[in-house]
Every structure is written in structure tokens, then in C-alpha cells.
Amino acid sequence: MYVAVKGGEKAIRNAHKLLAKRRRGDTSVPALTLEQIAEQLAHSVARVMGEGSLYDETLAALAIKQSRGDLIEAAFLMRAYRTTLPRFGYSQPIDTATMLVERRISATYKDLPGGQVLGPTFDYSHRLLDFALAAEEGGAEPSAEMVPALNEAMPRVTDLLGDEGLMEPDQVTDEETPVGDLTRDPLSFPADRDLRLQNLARGDEGFLLALAYSTQRGYGRTHPFAGEIRYGEVEVEFFAEELGFEVTLGSIKVTECQMVNQFKGSAKAAPTFTRGYGLVFGQVERKAMSMAMVDRSLRWQELGEEPVAPAQDVEFVLSHSDNIQATGFVEHLKLPHYVDFQAELDLVRRMRAEWFEKRRQEETGDAAREAAE
Amino acid sequence: MTEATHLNPDESGHAARQRIIATLAAATPEAVAEKYQAIETPDFELVRQPETGLVMVRGRMGGTGSPFNLGEVTVTRCVVRLATGETGSAYSLGRNKEKALQSAVIDALWQRGDARDHIETSVIAPLAASQTEMRETVREETEATKVNFFTMVRGDN
Numbered sequence: 000m001y002v003a004v005k006g007g008e009k010a011i012r013n014a015h016k017l018l019a020k021r022r023r024g025d026t027s028v029p030a031l032t033l034e035q036i037a038e039q040l041a042h043s044v045a046r047v048m049g050e051g052s053l054y055d056e057t058l059a060a061l062a063i064k065q066s067r068g069d070l071i072e073a074a075f076l077m078r079a080y081r082t083t084l085p086r087f088g089y090s091q092p093i094d095t096a097t098m099l100v101e102r103r104i105s106a107t108y109k110d111l112p113g114g115q116v117l118g119p120t121f122d123y124s125h126r127l128l129d130f131a132l133a134a135e136e137g138g139a140e141p142s143a144e145m146v147p148a149l150n151e152a153m154p155r156v157t158d159l160l161g162d163e164g165l166m167e168p169d170q171v172t173d174e175e176t177p178v179g180d181l182t183r184d185p186l187s188f189p190a191d192r193d194l195r196l197q198n199l200a201r202g203d204e205g206f207l208l209a210l211a212y213s214t215q216r217g218y219g220r221t222h223p224f225a226g227e228i229r230y231g232e233v234e235v236e237f238f239a240e241e242l243g244f245e246v247t248l249g250s251i252k253v254t255e256c257q258m259v260n261q262f263k264g265s266a267k268a269a270p271t272f273t274r275g276y277g278l279v280f281g282q283v284e285r286k287a288m289s290m291a292m293v294d295r296s297l298r299w300q301e302l303g304e305e306p307v308a309p310a311q312d313v314e315f316v317l318s319h320s321d322n323i324q325a326t327g328f329v330e331h332l333k334l335p336h337y338v339d340f341q342a343e344l345d346l347v348r349r350m351r352a353e354w355f356e357k358r359r360q361e362e363t364g365d366a367a368r369e370a371a372e
Numbered sequence: 000m001t002e003a004t005h006l007n008p009d010e011s012g013h014a015a016r017q018r019i020i021a022t023l024a025a026a027t028p029e030a031v032a033e034k035y036q037a038i039e040t041p042d043f044e045l046v047r048q049p050e051t052g053l054v055m056v057r058g059r060m061g062g063t064g065s066p067f068n069l070g071e072v073t074v075t076r077c078v079v080r081l082a083t084g085e086t087g088s089a090y091s092l093g094r095n096k097e098k099a100l101q102s103a104v105i106d107a108l109w110q111r112g113d114a115r116d117h118i119e120t121s122v123i124a125p126l127a128a129s130q131t132e133m134r135e136t137v138r139e140e141t142e143a144t145k146v147n148f149f150t151m152v153r154g155d156n
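Just so you know, the sequences run in chain order B and C. So in numbering that gives the first Met the number 0, the last spot in the first sequence is 372, and the numbers never skip. So in numbering that gives the first Met the number 0, the last spot in the second sequence is 156, and the numbers never skip.
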């Protein structure tokens with residue numbers, strides 16, 4: 000029998016009030032401002048913008064504050080918010096060659112035009128807790144060294160290799176070719192590289208990191224080198240219909256990673272390096288690298304490789320990379336399943352009854368046979 | 000129409016207007032508000048109310064290949080018309096409607112011959128200068144982190 004149940008409104012209301020109180024915490028401690036979060040938790044903000052697939056630092060800071068620092072919950076809030084806004088259109092593709100570079104490193108060339116520029120990085124730090132930060136209260140403001148900039152060009156490493164013909168060229172489709180958009184059409188398979196890159200760009204950092212790591216440990220090896228990682232500001236340009244020309248909307252910060260991988264060649268084409276590409280909002284280097292490695296793995300078919308590992312399985316990777324979808328399905332298990340479970344209870348009770356009945360029959364059968372013998 | 004003397008003579012077609020819109024877009028809401036309050040506000044009407052929406056940002060595969068969709072940005076736009084007939088537009092990242100409105104009015108004023116010089120010198124030039132300065136600071140701080148490799152030469156004996 001199915002019985003509709005209502006209730007819990009008051010409990011839910013009170014739970015949310017309690018959450019609000021707990022979220023605020025001890026009121027003798029000052030509340031966080033959005034500026035503090037945006038300025039001082041920049042990596043959290045970048046992750047929420049990337050996985051929320053919406054670049055807006057103040058909104059991301061608000062989402063982090065509201066979610067008590069639960070970054071997946073914060074990305075979820077961003078995704079929900081974006082559905083309330085109209086879409087003006089698509090930008091011109093950003094040009095990472097014109098980036099105001101804050102960091103640019105290559106693990107393949109020591110002396111490359113523009114040089115190795117470390118920028119703000121955790122690399123080479125000793126990972127020792129800095130207790131001076133714990134005591135920080137009106138202490139000396141950190142300052143950075145400044146050196147007159149040479150403003151040298153910083154060509155992409157892949158372009159340098161390309162000039163020598165050692166790198167597979169980027170394929171360029173004509174202007175008319177439609178570009179897949181997951182926010183317009185749900186993911187379907189087979190998925191071309193445009194959809195794959197969009198999916199990875201908003202995918203979960205931890206999931207992509209684990210997959211990239213698996214390729215290094217032998218599950219679909221691609222022999223990657225970090226050809227180049229660059230981080231900085233790029234301008235976003237948009238064609239304004241009513242003006243009839245392109246306008247610059249402002250700048251966003253992105254991290255780009257070019258992985259250089261082992262060779263491809265055929266009877267017709269000489270061997271060249273192959274490429275994996277990562278591009279993400281904000282300074283999220285770990286994810287940009289992971290994305291580039293997974294992108295390369297997912298290109299196995301195009302490059303004539305054998306699919307042997309999870310990181311090469313397009314459907315597996317793309318279907319499980321989105322942490323908003325994943326958390327929705329995992330966490331929905333918390334919601335009432337009383338009726339489903341009632342059916343399961345009935346079923347398991349019936350199965351047990353049948354099992355005990357069968358055993359009783361077997362025992363009486365055995366006993367009868369023994370008696371007969 | 001008086002030509003602003005400091006206008007780049009190479010700016011042709013829409014280049015000058017693009018520069019105005021871009022400079023206003025790159026400025027903080029506080030900076031635009033400060034400049035707006037310092038100018039004489041003309042009579043204007045709203046052609047398109049300040050409106051916040053999304054633009055899907057595209058990247059290119061490998062940096063130079065086919066486009067793909069990276070993720071969205073919030074954008075606020077606005078169109079105004081001055082009583083004198085000029086139409087001004089604003090497009091900027093973020094959700095600040097006041098900034099969009101003020102930027103559109105400044106853009107419209109810039110198109111009015113008698114106001115262009117003043118807008119260039121009192122609004123656009125200082126905003127552009129502070130933006131250039133901020134970029135230069137980033138460049139100089141970044142330059143200080145450039146690696147200078149040196150090779151240790153080992154003698155033969």
C-alpha cells in the first residue's frame with residue numbers, strides 16, 4: 000500500500016536557521032567579507048569559478064561564504080545562479096599569446112624566448128607551516144621585488160616546436176563549423192574534442208588529477224612533458240550587434256598548459272610530438288596540467304592508439320567528471336526512500352521465507368529418507 | 000567638431016570608440032563613479048536599461064586551433080541616448096549596473112564634439128594611465144621572478 004506522507008516543514012525551516020547560525024559561527028569573531036575571500040582565498044575562488052563554469056570573483060566569494068567553504072557546494076550555487084541570467088552570446092576565442100603573463104615556465108626548454116618566469120608559486124617552497132601568519136595582526140605588509148620589465152615576446156613553446164615541424168599542428172575548423180556547448184545540449188557520444196575540452200574545463204579537479212596520475216602510473220601512458228604552463232590576464236572580446244564592432248569586456252585570469260607527448264607518424268606523415276591542452280579559469284595549475292594530460296589520453300582514436308585504460312574511455316571520463324552531477328546523484332541517497340525501501344523489505348522478507356521453507360522441506364525430506372533407510 | 004589633439008592619428012574606423020569602451024570596462028566601478036561625478040551630467044534617456052547577462056568565453060584547442068567553450072562570464076551592458084542625439088554604449092565584465100550606466104553616458108558624451116576633449120583628458124586619460132601603471136607593476140614584479148641560469152663549468156683535471 001502506498002501512503003503519501005507530508006511533513007518536516009518545520010524541521011527543515013529550523014535546520015536552515017541552525018545552519019545559518021552555525022555558518023556564522025562565534026559572533027565575537029568578525030564576519031568574513033567577500034573582499035577578504037576574493038583577495039586572500041584566490042585559489043578557492045578560482046576553483047569555484049572553474050567548476051561552477053562562471054567567472055565572477057565576487058559571486059564565487061559569496062558562494063564560498065554561503066557554503067561555509069564547501070567548494071563543491073559553492074560551485075553548485077554558481078551553476079544555479081547562472082541559469083537566472085540571459086545569454087548575450089559567445090566571445091571571440093581568447094588569445095593566450097597576448098596574455099599579461101604572471102607566470103610562464105617550460106620543463107622542455109631551459110633558454111626559451113621570454114625566459115622562465117616563476118611568478119607567484121608554491122613550487123620550491125618547503126611546505127613548512129608559517130606560524131607568523133597565525134600571529135598576523137597588523138604586521139608588516141609583504142612586499143615584492145620589482146625589476147624593470149623587458150617586455151620580451153613570449154611565444155608558446157608549442158609554436159617554437161611547430162616552426163621546426165616537430166609538433167603536430169593545431170587543427171583549425173572553418174568559422175562556420177558549430178562549436179559544441181554543454182550548456183545548450185546535453186552531452187552525447189561520440190564527443191568531439193570541443194565538447195571534451197569544455198567538459199574537462201568545468202570538471203572536478205580531484206577527478207582529473209587522479210586520472211592524469213593514472214596515466215603516469217601506466218594506465219594508458221602518454222609520456223608527457225610540461226611543454227609550457229602560463230598564467231595571467233587575457234582580454235575577452237565580444238562582438239556587439241548594435242554597435243557593429245567588437246568590444247573588450249575586460250580581462251580574466253586563466254592558466255594554460257601545453258603538454259608535449261610522444262610521437263605520431265604514418266606512412267604519409269613524418270613523426271611529430273603530439274599535444275594535450277589544458278585551459279582553466281584562474282591560477283589552477285594542477286588542474287590545467289591534469290586537463291592537458293586527460294585531453295591527450297582521450298585523443299587515442301585520432302592518434303591510432305589502443306584503448307587500454309580508464310583515462311582513455313571518453314564516455315567514462317566525461318560522464319563522471321562533473322562534480323555537480325556526481326554530488327547530486329550520490330547525495331540524493333540521503334533523501335527519503337521510504338517507499339522504495341518498503342518494497343525492498345517486502346522482497347527480502349519473501350525471499351527469506353522461501354529460503355527457510357525450502358530448507359525445512361529438504362530437512363523433512365532428509366529425515367524421511369533416513370527413517371526409510 | 001574639435002579633434003582631440005592627443006588622439007592617436009592611426010586610430011581609424013571604430014578603434015577610438017573601442018578604446019573608450021575598453022578603458023571604461025577595465026576601470027573599477029569606484030573609478031568610473033569618481034570620474035562621472037566630476038563631469039557635468041547631460042540629459043539622457045535609457046535606450047537599453049543596464050542589464051546583466053552571460054557571455055560564453057571561448058578558447059582555442061592548443062592555443063591556436065579550433066574554438067571550444069571554456070566557461071561563462073557575467074557581463075553588464077547599457078545603452079543611453081543624450082538629449083543632443085548621441086548614443087552611448089557600455090559593455091563590461093561583472094554585474095555593476097551603475098558602472099554600466101555611467102560608462103554609457105561617458106561614451107555618449109565622448110561622441111559629442113564639444114565634450115570629447117574634456118572626456119579624453121579628464122576621464123579616459125587618467126583611467127588609462129592608472130591601468131597602464133597597474134599592468135606595469137605586474138610586469139615588473141613578474142620580471143623579478145625570472146630565472147637566470149648559470150652553468151657550473153668543471154675543469155678537466
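Just so it is clear, CB atoms sit at the ideal spot from N, CA and C, and this is done for glycine as well. These numbers were taken from a predicted model, which means no experiment stands behind them.
**Report entry** Length of the line joining the Cα atoms of T221(B) and S296(B)
**Finding:** When rounded, the distance between both Cα atoms is 7 Å.
Query raised in the report: According to a CB-to-CB cut-off of less than 8 Å, which residues of the segment 65-97 of chain C neighbour chain B?
Result: So the list reads S65, P66, F67, N68, L69, G70, E71, V72, T73, V74, R76, V78, S88, Y90, S91, L92, G93 and R94, given in the order they occur along the chain.
Report task. Pull up the CB-CB distance for V293(B) and A211(B), whole angstroms please, since I reckon it's below 8 Å. Result -> The beta-carbon separation of V293(B) and A211(B), rounded to 6 Å, stays under the 8 Å limit for a contact.
Query raised in the report: G49(B) by DSSP, collapsed to three states: which one?
Result: DSSP places G49(B) in helix when its eight states are reduced to three.
Query - Three-way DSSP call (helix, strand, coil) for P92(B) in this model - result: In this structure, DSSP gives P92(B) an extended state, which the three-state scheme calls strand.
Report task. Go ahead and pull the three-state DSSP assignment for S102(C). Result -> Of the three classes helix, strand and coil, the one that applies to S102(C) here is helix, per DSSP.
Report task. Would you check whether the ligand ATP has a heavy atom nearer than 7 Å to the C-beta of R216(B)? Result -> Annotation note on the ligand ATP: not contained in the displayed structure, which lists no ligands.
Requested in this report: Go ahead and label A73(B) buried or exposed: buried means 16 or more other beta carbons lie within 10 angstroms of its beta carbon, across all protein chains shown.
Outcome: Counting C-beta atoms within 10 angstroms of its own C-beta, A73(B) has 16 or more neighbours from the protein chains shown and is therefore classed as buried.
Report task. Have a look at G49(B) and A32(C) and give me their C-alpha separation to the nearest angstrom. Result -> Distance between G49(B) and A32(C), taken at the CA atoms: about 30 Å.
Query raised in the report: Can you tell me the Cα-Cα spacing of V171(B) and P66(C), whole angstroms?
Result: If you take the alpha carbons of V171(B) and P66(C), they lie about 8 Å apart.
Query raised in the report: Is the Cβ of F149(C) closer than 8 Å to any Cβ of chain B?
Result: Not one chain B Cβ lies under 8 Å of F149(C).
Report task. Answer yes if the segment 71-81 of chain C comes into contact with the segment 41-57 of chain C, meaning at least three C-beta pairs across the two stretches below 8 Å, and no otherwise. Result -> Taking 8 Å as the limit for Cβ pairs, the verdict is that the segment 71-81 of chain C does touch the segment 41-57 of chain C.
Query raised in the report: Which residues in the same chain as L160(B) place their Cβ atom closer than 8 Å to its Cβ, once the five residues preceding and following it in sequence are excluded?
Result: For L160(B), where only same-chain residues beyond five positions count, the Cβ hits under 8 Å are M166, G226, V259 and F272.
**Report entry** Any chain B beta carbon closer than 8 Å to E44(C)
**Finding:** Output row for E44(C): interface = no.
Query raised in the report: G118(B) versus chain C: which residues are under 9 Å apart at the beta carbon?
Result: Correct list: E140, T141 and T144.
Query raised in the report: Given a limit of 7 Å on CB to CB distance, which residues of the segment 32-64 of chain C reach chain B?
Result: Taking 7 Å as the Cβ-Cβ cut-off against chain B, the residues of the segment 32-64 of chain C that qualify are T51, G52, L53, V54, M55, V56, R57, G58, R59, M60, G61, G62, T63 and G64.
**Report entry** Option in E151(B), G281(B) and A190(B) with minimal Cα separation from Q374(B)
**Finding:** Lying outside 0 to 372, the shown extent of chain B, residue 374(B) is not represented and no answer is given.
Report task. Could you spell out where the alpha helix (DSSP H) holding F149(C) opens and where it closes? Result -> Here F149(C) belongs to no alpha helix (DSSP H), and DSSP marks it neither H nor E.
Query raised in the report: Name the DSSP bridge partner or partners of K252(B)?
Result: Listed as beta-bridge partners of K252(B) by DSSP are E232(B).
**Report entry** Contact residues within the segment 311-323 of chain B, judged by C-beta distance below 9 Å to chain C
**Finding:** Within the segment 311-323 of chain B, no residue has a Cβ that lies closer than 9 Å to any Cβ of chain C.
Query raised in the report: Do you know whose CA, among I11(B), Y218(B), D158(B) and I71(B), lies nearest A96(B)'s CA?
Result: Checked all of I11(B), Y218(B), D158(B) and I71(B); the closest Cα to A96(B) is D158(B).
Report task. Have a look at G88(B) and M55(C) and give me their C-alpha separation to the nearest angstrom. Result -> So the two alpha carbons sit approximately 6 Å from each other.
Report task. Can you give me the start and stop residues for the alpha helix (DSSP H) that I375(B) sits inside? Result -> Nothing about residue 375(B) can be reported from this structure: the residues present for chain B run from 0 to 372 only.
Query - Where F328(B) falls, given that 16 or more other Cβ within 10 Å makes a residue buried - result: It is exposed - the Cβ of F328(B) has fewer than 16 other Cβ atoms within 10 Å.
Requested in this report: Determine the closest residue to C256(B) out of F355(B), R126(B), A268(B) and F224(B), with distance taken between C-alpha atoms.
Outcome: Looking at the Cα atoms, F224(B) is the closest of the given residues.
Query - Sub-8 Å separation of L235(B) and L69(C) beta-carbons - result: With the sequence shown as reference, residue 235(B) is identified as Val, and Leu is not the correct amino acid for it. No, the Cβ-Cβ distance between V235(B) and L69(C) is not below 8 Å.
Query raised in the report: Should L194(B) and L207(B) be called a contact, given that it needs their Cβ atoms to be closer than 8 Å?
Result: With a cutoff of 8 Å on beta-carbon distance, L194(B) and L207(B) are scored as not near each other.
Report task. Decide if the segment 242-249 of chain B is in contact with the segment 311-321 of chain B; the criterion is three or more beta carbon pairs, one per stretch, under 8 Å apart. Result -> When C-beta atoms of the segment 242-249 of chain B are compared with those of the segment 311-321 of chain B, fewer than three pairs fall below 8 Å, so the two segments do not count as touching.
Query raised in the report: What is the C-beta distance between G275(B) and A287(B), in whole angstroms, given that I count them as a contact (C-beta under 8 Å)?
Result: Rounded, the Cβ-Cβ distance is 11 Å, inconsistent with contact.
Requested in this report: May I ask you to report which of helix, strand or coil DSSP gives F206(B)?
Outcome: Under the three-state reduction of DSSP, F206(B) is assigned to helix.
Requested in this report: Using only alpha-carbon positions, find the residue among Q215(B), A143(B), V178(B) and G217(B) that is nearest to N198(B).
Outcome: Among Q215(B), A143(B), V178(B) and G217(B), the Cα nearest to that of N198(B) is on V178(B).
Query - Cutoff 8 Å: I36(B) Cβ touching any chain C Cβ - result: Not a single C-beta of chain C is nearer than 8 Å to the C-beta of I36(B).
Report task. Specify the secondary structure class of G275(B) as computed by DSSP and reduced to three states. Result -> DSSP places G275(B) in strand when its eight states are reduced to three.
Query raised in the report: Could one say the Cβ of N373(B) lies closer than 8 Å to chain C's Cβ atoms, at least one of them?
Result: Residue 373(B) lies beyond the stretch modelled for chain B, which goes from 0 to 372, so this question has no answer here.
Requested in this report: Determine whether the Cβ of Q17(C) lies closer than 8 Å to any Cβ atom of chain B.
Outcome: Answer yes: the Cβ-Cβ gap between Q17(C) and chain B drops below 8 Å somewhere.
Query raised in the report: Rounded C-beta distance between Q101(C) and T22(C)? I'm assuming under 8 Å.
Result: Contact doesn't hold; Cβ gap of about 13 Å is too wide.
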